[in-house]
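Listed in order, the protein sequences are those of chains W and E. Note that the numbering used here numbers the first sequence so that position 108 is 914, with each residue one more than the last. Note that the numbering used here numbers the second sequence so that position 40 is 846, with each residue one more than the last. Beta carbons: idealized from backbone N, C-alpha and C, even for Gly. Bear in mind that the values here come from a model prediction, so they are computed numbers and not experimental data.
Protein chains: 2
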Amino acid sequence: METETAATPGVDRMRGGALGEDLSFLLARANAVSVASANAALAPFELRVRSYAVLAVVAEDARPSQRDLSEFLRLDPSQVVALVDDLQSRGLVAREQDPRDRRARVIVVTSAGRALFGRAREATANAERALHGALSTREREQLSGMLHRLAFGA
Amino acid sequence: METETAATPGVDRMRGGALGEDLSFLLARANAVSVASANAALAPFELRVRSYAVLAVVAEDARPSQRDLSEFLRLDPSQVVALVDDLQSRGLVAREQDPRDRRARVIVVTSAGRALFGRAREATANAERALHGALSTREREQLSGMLHRLAFGA
DNA sequence: TATTGTTATACTCTATAACTATA
DNA sequence: TATAGTTATAGAGTATAACAATA
């Protein structure tokens with residue numbers, strides 16, 4: 807048994823390989839770490855990253871249609887239905903009729919939703935600090951800008 | 807009907823909101839774009855990002871155990887079984903006995919696997935260029951370094 | 001007693017197609 | 001004819017637990 811002295815030698819070797827510099831792979835692995843951490847932080851609130859994201863948008867009074875949420879969160883419209891159904895059944899958001907388009911539903915936050923979001927936001931912020939603490943403030947700004955371009959196109 | 811003149815006004819509004827600067831959210835969205843693009847590029851080879859990653863590691867003769875792959879790719883050991891089963895049934899990789907540990911299987915690439923990887927790598931590289939083209943070479947290096955730290959810890 | 005690979009199972013996420021009511 | 005929301009379904013990804021062989 808030798809995995810005790812030299813910790814994960816096989817993995818360290820692979821980190822120096824071709825994938826270790828592949829932006830797509832690093833993006834995927836960093837995201838997997840991030841999602842796992844965020845979901846753990848959100849578990850006490852019975853939220854996950856996707857439902858948290860919906861709550862975050864409506865909590866700042868963006869008054870999005872489900873179609874807006876679908877595009878912004880990059881989810882299929884049918885997934886938005888399920889997410890809003892869940893949040894609405896828990897009294898955290900509500901569907902309002904858009905007076906300008908009777909097909910569209912405007913999603914708004916309730917006071918309970920706003921309160922839960924406030925607590926959830928604090929929990930995720932703490933979890934993120936632990937993860938991104940290795941980066942300086944300036945680095946975080948640079949990273950944010952570059953990811954924004956990749957996420958939404960040039 | 808007004809969604810023609812001003813393209814996606816709702817989404818643009820949300821991009822300036824709180825989530826638009828949230829590193830975890832940007833990471834998730836950028837990764838979703840990246841994965842979709844890579845999977846499309848890999849489809850002609852009947853590969854997906856996960857099976858491509860396995861192939862990439864073994865194609866550089868890292869000779870990993872399934873446990874090594876599990877840790878490096880952040881997959882459950884049972885998922886590695888399924889991925890290797892698939893690649894092995896297609897003659898792209900093989901399981902070898904580790905002479906130093908009869909429990910472990912060393913995963914090696916076959917000549918067919920190496921050939922397929924070469925073509926798949928070209929296809930994904932082209933797709934990535936289209937996505938990351940907005941970033942300068944220097945920015946890509948910075949991004950790679952920061953993501954590496956997030957992906958593998960400080 | 002701990003670890004490698006394996007099987008099994010359940011849950012979450014993703015992707016597609018079709019339907020309704022409106023525009 | 002096209003779009004917003006909805007329903008249904010299947011496939012991919014994630015997470016957990018248990019087991020046999022070996023260390």
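For a contact defined as C-beta to C-beta under 9 Å, what are the partners of residue i on chain E?
i	result
W:G816	A868, R869, P870, S871, R873, D874, L875, E877, F878
Which one of the options has the shortest CA to CA distance from residue i?
i	options	result
W:Q903	W:E945, W:A834, W:S871	W:S871
W:S876	W:D867, W:E866, W:A859	W:A859
W:R821	E:A862, E:A929, E:S840, E:M820	E:A862
W:R896	W:V912, W:R880, W:A921	W:A921
E:D882	E:V914, E:R856, E:S840	E:R856
E:Q894	E:A836, E:N932, E:V914, E:R944	E:V914
E:E934	E:V864, E:S840, E:R854	E:S840
E:N932	E:A960, E:A836, E:A844	E:A844
Using a cut-off of 8 Å between C-beta atoms, extract the partners of residue i located in chain E.
i	result
W:V912	Those do not exist, as W:V912 stays about 10 Å from chain E at its closest Cβ, beyond 8 Å.
W:A849	The contacting residues do not exist; W:A849 stays about 15 Å from chain E at best.
W:S950	E827, L829, L832
Alpha carbon to alpha carbon, how far is residue i from residue j?
i	j	result
E:L961	W:D892	Limits of chain E in this structure are 807 at one end and 960 at the other, which puts residue 961 of chain E out of reach.
W:A834	W:F958	17 Å
E:A846	W:S917	42 Å
E:A824	E:L898	46 Å
E:D818	E:E827	13 Å
E:G816	W:F831	31 Å
E:R869	W:S942	36 Å
W:A838	W:H938	14 Å
E:A888	E:A936	31 Å
E:A929	E:D867	21 Å
W:G924	W:S884	27 Å
W:R927	E:G919	46 Å
W:A940	E:R901	38 Å
E:D874	W:F878	37 Å
E:R880	W:V912	39 Å
W:A960	W:V890	30 Å
E:V864	W:A836	21 Å
W:V886	E:A842	19 Å
Could you tell me which chain W residues have their CB closer than 7 Å to the CB of residue i, listed as they occur along the chain?
i	result
E:R821	F958
E:A862	A824, L825
Mind pulling the chain E residues with CB within less than 7 Å of residue i?
i	result
W:V841	A834
W:A859	L825, F831
W:N837	L833, A834, N837
W:R946	L829
W:A940	R955, A960
For the ligand MN, any of its heavy atoms closer than 7 Å to the Cβ of residue i?
i	result
E:A926	Absence of the ligand MN from the depicted structure is noted, as is the absence of any ligand whatsoever, leaving it without description.
Using a C-beta to C-beta distance shorter than 8 Å, which residues of chain W count as neighbours of residue i?
i	result
E:L889	Ordered by position in chain W, no residue passes the 8 Å Cβ test against E:L889, which lies about 15 Å from the chain.
Mind pulling the chain W residues with CB within less than 9 Å of residue i?
i	result
E:V899	Simply none; closest approach about 15 Å.
Checklist entry - Curious, which full-length alpha helix (DSSP H) runs of at least 4 residues does the segment 896-956 of chain W contain? => result List check, alpha helix (DSSP H) in window: 917-938.
Evaluate the contact criterion for the segment 842-856 of chain W versus the segment 907-916 of chain W: three or more CB pairs, one atom per stretch, below 8 Å.
no
**Prompt:** Counting Cβ pairs closer than 8 Å, one from the segment 947-955 of chain E and one from the segment 939-951 of chain W, do we hit at least three?
**Reply:** yes
3 or more residues per run - each beta strand (DSSP E) lying fully within the segment 812-841 of chain W: With a minimum length of 3 residues, no continuous beta strand (DSSP E) run stays inside the segment 812-841 of chain W.
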